[in-house]
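Trainee: Residue numbers (the numbering used here), protein chains in the order written: chain A, 444 to 595; chain B, 444 to 595. All C-beta atoms, glycine included, are put in the ideal place defined by N, C-alpha and C.
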DNA sequence: ACGGATCATTGAAAAAGTCAACGATTGTTT
DNA sequence: AAACAATCGTTGACTTTTTCAATGATCCGT
């Protein structure tokens, strides 16, 4: 790692036409964002994905693992690993599906909710700094546009 | 990734508070977008990343591999592989850096520009359908917000 | 000219992603 | 009701991607 990398780079390549390619913009923002988010969540033993699973588990929606896989764009086997980890640490537990006994619904424990609250605060602070270049209104706009792009 | 369905799902989980988490929105849009983009680029033997490299090579900016790595958020060794592939196929070539002989600048060949033009058209069409839920104005807004978030 | 830093490159190790198969259960067809 | 195909979570194998340290060549500051 470089000694001090607090410098803000304004790469000359951003000028290229590709600087307007949505796919690249998403990839880049996602890449740098993930790095910072994972760093912020490391204090709580979480990463972006385990945090997402924990959040859904705390939501009261009682998601099944299949729903988690679909919603998070993950392979079902990846959800198994994530839930395994969270369960071993006592943050969530698997409960039998209600109308489908094959499915398992993921619910949070009290400890899970405790950790989640702390982690969420840290993550929000982190995202605020990531989007510091945007005004509050633009911040809201961005969220709205991303949501609309995803599910109309 | 998820199964092969291109169906539009409106998951009930989207209602959760996490549906407003910027990190997740970016991850999700990036995931589904990459899938479609790579599919669209496959006709030309390209993927998102090799297309990005090719685009920069065609830009006239004469980027070094280090600049490509920084701009694309990749490890330098990954750039080596990408350029190797494009070079073997005669789409780009490595030229000696002008003021720095350690660096190699990546420039496109005529064939590279030919392929790139075709691929770009296909990709733009693909991205248009991805963001079909957005109006033309919103589309422009989204690009602007992403760019501002990235480099002010 | 010397020493430390940076560039592209290599190769190895670790992590993540993909995929097919399985038992258990569900829904559907006959 | 019995047979059948489909779905859920899980496992394990396999491939791809990412990460990282080391290297020779070159640059920069002193």
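Taking the alpha helix (DSSP H) that residue 557 of chain B falls in, what are its first and last residues?
Mentor: Residues 553–573.
Trainee: Given this structure, state the Cα-to-Cα distance separating residue 515 of chain B from residue 480 of chain B, to the nearest angstrom.
Mentor: So the alpha carbons of these two residues sit roughly 16 Å apart.
Trainee: Among residues of its own chain, excluding the 5 on either side of residue 592 of chain A, which ones have a beta-carbon nearer than 8 Å to its beta-carbon?
Mentor: No residues qualify anywhere along the chain.
Trainee: Give the secondary structure of residue 591 of chain A by DSSP, where H, G and I count as helix, E and B as strand, and everything else as coil.
Mentor: Of the three classes helix, strand and coil, the one that applies to residue 591 of chain A here is helix, per DSSP.
Trainee: I'd like to know whether the C-beta atoms of residue 468 of chain B and residue 484 of chain A end up nearer to each other than 8 Å.
Mentor: Contact flag unset, no.
Trainee: Could you tell me the boundaries of the beta strand (DSSP E) in which residue 536 of chain B lies?
Mentor: It spans 535–539 - the beta strand (DSSP E) in which residue 536 of chain B sits, taken as one unbroken run.
Trainee: On the three-pair Cβ rule with 8 Å, is the stretch 485–501 of chain A touching the stretch 456–465 of chain B?
Mentor: In short, these stretches touch, since the Cβ pair count reaches three.
Trainee: Let me know the secondary structure DSSP gives residue 450 of chain B once reduced to three states.
Mentor: At residue 450 of chain B, the pLDDT of 46 sits below 50, so the modelled position is not reliable; the number obtained from the coordinates is stated separately. Here residue 450 of chain B sits in coil by DSSP.
Trainee: My guess is that residue 390 of chain B and residue 546 of chain B are in contact by the Cβ rule of under 8 Å, so how many angstroms apart are they, rounded?
Mentor: The requested residue 390 of chain B does not occur in the structure, where chain B is confined to residues 444 to 595.
Trainee: Given a threshold of 16 other Cβ atoms within 10 Å of its Cβ, counted over all protein chains shown, does residue 518 of chain B qualify as buried or as exposed?
Mentor: It is exposed - the Cβ of residue 518 of chain B has fewer than 16 other Cβ atoms within 10 Å.
Trainee: Tell me the rounded alpha-carbon separation between residue 544 of chain A and residue 507 of chain A.
Mentor: Going from the Cα of residue 544 of chain A to the Cα of residue 507 of chain A covers about 11 Å.
Trainee: I think residue 576 of chain A touches residue 466 of chain B, with their Cβ atoms under 8 Å apart; what is that distance to the nearest whole Å?
Mentor: Rounded, the Cβ-Cβ distance is 16 Å, inconsistent with contact.
Trainee: Would a check of beta-carbon distances place residue 491 of chain B closer than 8 Å to chain A?
Mentor: Yes, residue 491 of chain B counts as interfacial toward chain A.
Trainee: Under 7 Å Cβ-Cβ, which residues of chain A neighbour residue 476 of chain B?
Mentor: The contacting residues are 466 and 469.
Trainee: For a contact meaning CB atoms closer than 9 Å, what does residue 570 of chain B contact in chain A?
Mentor: Those are 464, 465 and 466, listed as they occur along chain A.
Trainee: For residue 550 of chain B and residue 500 of chain B, which I take to be in contact (beta-carbon distance under 8 Å), what is that distance rounded to the nearest angstrom?
Mentor: Indeed, because the Cβ distance is near 6 Å, the residues count as touching under 8 Å.
Trainee: If we ignore side chains and look at the alpha-carbon of each, how far apart do residue 521 of chain B and residue 471 of chain B end up?
Mentor: Distance between the alpha carbons of residue 521 of chain B and residue 471 of chain B is about 24 Å.
Trainee: Let me make sure I understand the geometry here. Which of A:587, A:573, A:580 and A:583 has the alpha-carbon closest to that of residue 475 of chain A?
Mentor: Ranking the options by Cα distance to residue 475 of chain A, first place goes to A:573.
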